[in-house]
Each structure stands twice: as structure tokens, then as C-alpha cells.
Amino acid sequence: MKKVFNKTTNFFKKNFKLIIGVAVLVLVIIIFFTIQYKTTSLENTNLQKWTESSVEAKMSTVQILTDNSKDSELIMQCVDKMSTFNDSGEFAVRDAIKLCNMGIQLRENN
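With the first letter of the sequence shown counted as 1, position 77 gets the number 891 in the numbering used here; the numbers rise by one all the way through.
Structure (C-alpha cells):
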């Protein structure tokens, strides 16, 4: 048992810098990917986050999802109204924007 322990400690003593280097590299890769995929847009959040966000973030999200700048303010007001309904906190922002946009398009075509 003592031989196994000595072999293990010798291995760690010889490869200490390598082990620390690999651990740091893995940590940097994990941090890079979490920062890379962490988004500040509201596209994939729920309406609870929508109510807490700034007007600029809301407007940019509407413009990203609709590519329609003339109705962006109206869509934003529609989603704001939807966020005040009971149990709307779990509704996805993406779905709410699509629903409002479709309603505006239907109103314009009729």
C-alpha cells in the first residue's frame, strides 16, 4: 500500500505543473464558452424578464425578432400589455412578439 502511495505522490510531484496547466486551460475554456453563450437579449427569456428590462433592450429584441422597424413601438406596447396579464410570467418573449406582430399584420390586411 505504501508503494502505491509513493508512486502516486511521485507522479503528482513530477507532473504538478502539467496538471495545474491543464486545470487552468479547462477553466479558461469553460469561462470562455459561458461568456460567449451568455446573452443579454430578451429573445429566449420569459415575460417576467421583459417587465424588468430597459426600453432599449425591449426595442432591440423586437427589431431582431421582427425585422420591422415601423411597428416596433406598437409591438413593444402589445408585449408590455401581455406581460401585465395574470400568469403571463412564464410565456416566452419570442412567442409574445410573434403573436403581437401577427395580430398587427392581420389588422393591416383587413
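Ideal Cβ positions, reconstructed from N, Cα and C, are used throughout, including at glycine. These numbers were taken from a predicted model, which means no experiment stands behind them.
Which class does residue i belong to by DSSP, given the choice of helix, strand or coil?
{"i": "Asn860", "result": "strand"}
{"i": "Asn829", "result": "coil"}
{"i": "Asn923", "result": "helix"}
{"i": "Asn900", "result": "coil"}
Less than 8 Å separating the beta-carbons of residue i and residue j?
{"i": "Ala910", "j": "Met896", "result": "yes"}
{"i": "Ser868", "j": "Val876", "result": "no"}
{"i": "Ile878", "j": "Ser855", "result": "yes"}
{"i": "Gly903", "j": "Gln862", "result": "yes"}
Take the Cβ of residue i as the centre, count every other Cβ of all protein chains shown within 10 Å, and call the residue buried at 16 or more, exposed below.
{"i": "Ile833", "result": "exposed"}
{"i": "Asn829", "result": "exposed"}
{"i": "Val893", "result": "buried"}
{"i": "Met916", "result": "exposed"}
{"i": "Leu841", "result": "exposed"}
{"i": "Leu812", "result": "With the chain covering only 815 through 924, there is no way to say anything about residue 812."}
{"i": "Leu839", "result": "exposed"}
Check for me: the alpha helix (DSSP H) holding residue i runs from which residue to which?
{"i": "Glu870", "result": "Val869 to Thr880"}
{"i": "Ala906", "result": "First-last for Ala906: undefined, no H or E at that position."}
{"i": "Ser886", "result": "Ser886 to Ser897"}
Quick one, which of the options has its alpha-carbon nearest residue i's?
{"i": "Thr901", "options": "Leu888, Asn860, Phe826 and Tyr851", "result": "One point to set straight first is that residue 901 is Asp, not Thr, in the sequence displayed. Comparing Cα-Cα distances from Asp901 to each of Leu888, Asn860, Phe826 and Tyr851, the minimum goes to Asn860."}
{"i": "Ala871", "options": "Lys821, Glu857, Glu904 and Asp881", "result": "Glu857"}
{"i": "Arg908", "options": "Val818, Met873, Glu922 and Ala837", "result": "Met873"}
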